[in-house]
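Take a look at the structure set out below.
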Amino acid sequence: MEPSFWHQKWQLQQIGFHQQQVNPFLVKYWPGLAITETSNVFVPLCGKSLDMCYLAELRHGVLGCELNPLAVEQFFNENDLPCLVEQIAEHNVFCADEVRIYQGDIFTLPESLTADIGGFYDRAALIAWPEAMRQQYAVALARLIPANVSGLLITLDYPQDTLKGPPFAVSPDWVETHLAPYFTVELLECTDVLADNPRFVNKQVPWLNEAVYKLTRKA
Ligand SMILES: C[S@@+](CC[C@H](N)C(=O)[O-])C[C@H]1O[C@@H](n2cnc3c(N)ncnc32)[C@H](O)[C@@H]1O
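For the record, in the sequence shown the residue sitting at position 136 is 136 according to full-length UniProt numbering, with numbers rising by one throughout.
Shown next as structure tokens:
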């Protein structure tokens, strides 16, 4: 989607993707990645996700990237985290003790910023892109994740012709075709979550699978 689409969503606070609680898949599967507790974790397209608070509480340094400034301001205000703001090249950096968010475009984020991460977490980032941009995002993610670093990817899959995204459907085949060249891919769980998603039920989407993958960047 174009930046203007997301800026408008944040301006109008049409942020149905934002979850009021920590994502259950994150809680269930993050500990199994055994990522060193003090290492930094990259959260692309982070929004104002509370998942960043969960990761910070595990004593990770959180390094987010988010296009919209209001989203970033809301994250720090709503979580009572005083932050400093500085500009580094094209990005404004909002920085609190445990969370640092680069506000700006993920496609221009220098890989030097993520060179020391020990993990990453993608929820509702890959599925935010339509097909052509999703392929570009996959390349950008591979560029930003150093070799041997693992993370979680959470996707949704449904018959795309029944609903206009975002979120866009991402199938296991898509993940295999476009991410397996860069990452070792392991499907951890796939569940039908249709009943929990009234928007999809109302549009008579017949099924809706939420999947969580462990990805490890190949050397
Ligand atoms: C579907 S939301 C997901 C947010 C978050 N991951 C969550 O789980 O709540 C996608 C987010 O990506 C941001 N975004 C869109 N394009 C971006 C870009 N080019 N660079 C960085 N962030 C972007 C949007 O502003 C939006 O907050």
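By construction, the Cβ of each residue, glycine as well, lies at the ideal position given by its N, Cα and C atoms.
For Pro172, decide whether its Cβ has a neighbour in chain D, counting only Cβ atoms nearer than 9 Å.
-> The chain inventory of the structure shown lacks chain D, comprising one protein chain alone.
Starting from Gln135, follow the alpha helix (DSSP H) in both directions and report where the run begins and ends.
-> 131-144
Residue environment, Gly32, which counts as buried when at least 16 other CB atoms sit within 10 Å | Exposed, by the Cβ-count rule.
Have a look at the DSSP bridge pairing and note the partners of Arg123.
-> Ile154
Contact under 9 Å by Cβ, Val99 with Phe120 | no
Nearest candidate by alpha-carbon position, reference Asn209, set Thr216, Arg217, Asn197, Val41 = Asn197
Please confirm whether Pro166 and Phe17 have their CB atoms less than 9 Å apart.
-> yes
Take every Cβ of the stretch 158-165, pair it with every Cβ of the stretch 56-68, and state whether three or more of those distances are shorter than 8 Å.
-> no
Report the rounded CA-to-CA distance for Asn23 versus Ala124, giving the unit in angstroms.
-> Separation of Asn23 and Ala124 (C-alpha to C-alpha, rounded to the nearest whole angstrom) is 11 Å.
Grab me the residues of Ser171's own chain with a C-beta within less than 7 Å of its C-beta, minus the 5 sequence neighbours each way, in chain order.
-> Asp157
Could you work out which residue in Thr36, Glu37, Gln13 is closest to Lys48 when comparing CA atoms only?
-> Gln13
Give a yes or no on contact between the stretch 122-138 and the stretch 88-102, applying the rule of three or more CB pairs nearer than 8 Å.
-> no
For ligand 1, any of its heavy atoms closer than 8 Å to the Cβ of Gly151?
-> It does not: the Cβ of Gly151 is nowhere closer than 8 Å to a heavy atom of ligand 1.
Integer-rounded CB distance, given that Trp129 should sit under 8 Å from Phe168 = 7 Å
Got a sec, what are the start and stop residues for the beta strand (DSSP E) Ala211 sits in?
-> 209-217
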